Amino acid sequence: MVKFLDLLKINLAHEEELSEALNQVLLNGWYIRGKFHNDFETAFANYCGTSRCVGVANGLDALILIFKGYKQLGQLKDGDEVIVQANTYIASIISITESGLVPVFVEPDEKTYNLSVEKVKQAITPRTKAILAVHLYGQLSPMEELMNLALEKNLLLVEDCAQSHGAVDTRGLKAGNLSHAAGFSFYPGKNLGALGDAGAVTTSDEALADTIRTMGNYGSQKKYFNELKGVNSRLDEIQAAVLLVKLKYIDQENETRRKIAKKYLQEIKNPYLSLPTVSKSSLDHVFHVFVLRCQHRDKFIEYADANGVQTLIHYPIPFHKQKAYHEYSNLSLPITELIHEQIVSIPISPVMEENEVNKVIQVLNQFKPD
Ligand SMILES: *Cc1c(COP(=O)(O)O)cnc(C)c1O
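Here this note's numbering is used: the first residue of the sequence shown is 62, the next is one more, and so on.
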């Protein structure tokens with residue numbers, strides 16, 4: 062079976078260094094916001110090109126703390142509208158509603174699955190105060206145009222970088238440095254993955270970074286002095302040590318993903334399978350997942366499974382069809398719904414062997430729905 066993602070193999074590639082880092086955390090004797098935590102924040106800010114990085118507990122918290130941080134600073138208030146693509150993972154949407162803000166859903170660009178600048182423009186109202194751009198599946202959203210629009214309309218632009226660590230735009234700028242503030246997840250399955258939950262905010266807005274750091278530590282900068290009613294959302298010392306090791310390899314691992322994607326794009330030839338649309342710039346996509354479209358998806362998944370290729374769907378149910386968001390069940394989002402009905406993700410990872418890649422291609426090329 063070609064596994065969808067072999068997490069054990071991904072981490073065993075760095076076994077020696079990871080074991081040493083874990084042991085060093087033990088021996089340092091300082092387990093919250095210690096040396097590894099601070100070193101990772103510095104290293105990740107440098108990597109992304111922002112002046113600041115604040116470690117937090119997970120990717121959802123990163124986004125929530127950005128929105129709540131802006132509220133604390135008086136730049137957002139309850140009921141403000143945030144534009145977001147309707148086909149994103151539910152965490153992006155929860156981050157808006159959990160922060161007391163109102164999500165305004167736009168259909169994605171049908172080819173890139175990301176925000177379309179035109180549709181964002183049409184969705185702007187006098188209550189719109191922010192745009193949340195999700196670099197879905199690892200491909201950058203049109204950030205230069207979105208930033209121009211945000212500046213023109215006086216909006217905050219926030220990035221959800223949970224799937225796009227290391228993606229670079231045509232100007233040479235990295236994900237996490239293409240907006241006012243960005244949220245990252247280091248959930249184990251992401252391109253830069255920890256050995257548990259972890260997340261971070263990157264920004265060059267010093268006031269926001271300070272506010273988020275304080276909010277994530279019970280609203281306290283100085284032990285037992287609480288300025289804000291904060292939360293406990295800190296990047297774990299162990300995870301920071303792991304991430305410092307894995308950060309060294311992210312570019313190399315993304316490059317392996319790109320090579321596999323290129324081969325898929327050149328060699329998967331089947332009229333029943335539509336390949337993803339990628340831009341000419343080769344660096345703006347880090348292929349967190351490789352997403353195909355198939356009108357006969359159920360048959361395809363069954364066929365792939367029977368022939369030794371594991372697949373997944375990112376994501377099978379759009380948010381407005383989820384019980385959690387039943388208040389939006391009457392929304393009509395035909396593009397989002399069509400995407401959710403047809404998409405299917407095939408194996409891609411930095412530890413796939415060449416024979417596995419070839420097997421996926423061979424199996425897919427022989428698929429027929431009847
Ligand atoms: C994974 C993910 C998140 C949430 O990250 P967690 O660390 O699991 O909280 C948010 N947005 C997107 C697009 C994601 O893929």
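Idealized CB from N, CA, C, for every residue including glycine. What you are looking at is a predicted structure, and each value in this text was computed from that prediction instead of being measured.
{"Item": "Flag this pair as yes or no: are the beta carbons of lysine 360 and proline 430 separated by less than 8 angstroms?", "Value": "yes"}
{"Item": "Please list the segments of the beta strand (DSSP E) lying wholly inside the stretch 223-277, counting only runs of 3 or more residues, in order along the chain.", "Value": "242-246, 260-264"}
{"Item": "Counting pairs of Cβ atoms below 8 angstroms between the stretch 368-387 and the stretch 334-347, do you hit three or more?", "Value": "no"}
{"Item": "Got a sec? Which residues, its chain only, sit under 7 angstroms from cysteine 222 by beta carbon, not counting five neighbours each side?", "Value": "His196, Ala236, Gly237, Ala243, Gly244, Phe245"}
{"Item": "Please report the straight-line C-alpha distance between isoleucine 404 and methionine 62, rounded to a whole angstrom.", "Value": "21 angstroms"}
{"Item": "Quick one: is aspartate 345 buried, meaning 16 or more other Cβ sit within 10 Å of its Cβ, or exposed?", "Value": "buried"}
{"Item": "Here's a check: name, in chain order, each residue in its chain whose Cβ is nearer than 8 angstroms to the Cβ of alanine 118, leaving out the five neighbours to either side.", "Value": "Asp258, Ala259, Gly260, Gly277, Asn293, Ser294, Arg295, Leu296, Asp297"}
{"Item": "Just to check my reading of the structure: arginine 274 and valine 115 have Cβ atoms closer than 8 angstroms, yes? What is that Cβ distance to the nearest angstrom?", "Value": "5 angstroms"}
{"Item": "Look at glutamate 206 and isoleucine 396 and say whether their C-beta atoms are less than 8 angstroms apart.", "Value": "no"}
{"Item": "Tell me which residues share the same chain as phenylalanine 101 and place their Cβ nearer than 6 angstroms to its Cβ, disregarding the 5 neighbours each side in the sequence.", "Value": "Ala301, Leu304, Leu305"}
{"Item": "Can you determine whether any heavy atom of ligand 1 sits closer than 7 angstroms to the C-beta of glutamine 224, and answer yes or no?", "Value": "yes"}
{"Item": "Might you give, ordered along the chain, the residues of its own chain that have their beta carbon closer than 6 angstroms to the beta carbon of tyrosine 92, omitting 5 neighbours on each side?", "Value": "Glu298"}
{"Item": "Return yes when at least one heavy atom of ligand 1 lies under 7 angstroms from the C-beta of aspartate 297, else no.", "Value": "no"}
{"Item": "Let me make sure I understand the geometry here. Which of Ser393, Glu417, Glu328 has the alpha-carbon closest to that of asparagine 368?", "Value": "Glu417"}
{"Item": "Measuring alpha carbon to alpha carbon, tell me which residue in Asn99, Tyr131, Phe428 is nearest glutamate 267.", "Value": "Tyr131"}
{"Item": "Whether or not the stretch 149-156 and the stretch 178-185 are in contact is what I'm after, with contact meaning three or more pairs of Cβ atoms, one per stretch, closer than 8 angstroms; do they touch?", "Value": "no"}
{"Item": "Beta-carbon separation of proline 249 and leucine 256 under 8 angstroms?", "Value": "yes"}
{"Item": "Any chance the stretch 79-90 sits against the stretch 285-292, with 3 or more Cβ pairs inside 8 angstroms?", "Value": "no"}
{"Item": "Using three-state DSSP, classify arginine 188 as helix, strand or coil.", "Value": "coil"}
{"Item": "Output the boundary residues of the alpha helix (DSSP H) element that contains aspartate 312.", "Value": "311-328"}
{"Item": "Label histidine 387 either buried or exposed according to how many other C-beta atoms from any shown protein chain fall within 10 Å of its C-beta, with 16 as the threshold for buried.", "Value": "exposed"}
{"Item": "Candidates Gly199, Arg113, Val163: which alpha carbon is nearest lysine 190's?", "Value": "Val163"}
{"Item": "I need the DSSP call for proline 332, collapsed to helix, strand or coil.", "Value": "coil"}
{"Item": "Is it the case that the Cβ atoms of phenylalanine 351 and tyrosine 333 are separated by a distance below 8 angstroms?", "Value": "no"}
{"Item": "Alpha carbons only, please: which of Leu218, Leu234, Leu137, Gln200 is nearest the one belonging to arginine 188?", "Value": "Leu137"}
{"Item": "On a Cα-Cα basis, can you pick out the residue from Asn72, Val143, Ile71, Ser343 that is closest to glycine 199?", "Value": "Ser343"}
{"Item": "State the start and end residues of the unbroken beta strand (DSSP E) segment that holds glutamine 146.", "Value": "142-146"}
{"Item": "With C-beta atoms as the reference, is glutamine 224 less than 8 angstroms away from lysine 180?", "Value": "no"}
{"Item": "In the structure shown, what three-state DSSP assignment does arginine 295 receive?", "Value": "coil"}
{"Item": "Taking 7 angstroms as the cut-off, is the C-beta of threonine 149 nearer than that to any heavy atom in ligand 1?", "Value": "yes"}
{"Item": "When you compare each of Val424, Ser265, Ile374 to threonine 103 by their alpha carbons, which one comes out closest?", "Value": "Ser265"}
{"Item": "Where in the stretch 87-143 do unbroken runs of the alpha helix (DSSP H), each at least 4 residues long, occur, reported from the N-terminal end onward?", "Value": "96-109, 120-133"}
{"Item": "Check this for me: beta carbons of leucine 176 and serine 202, under 8 angstroms apart or not?", "Value": "yes"}
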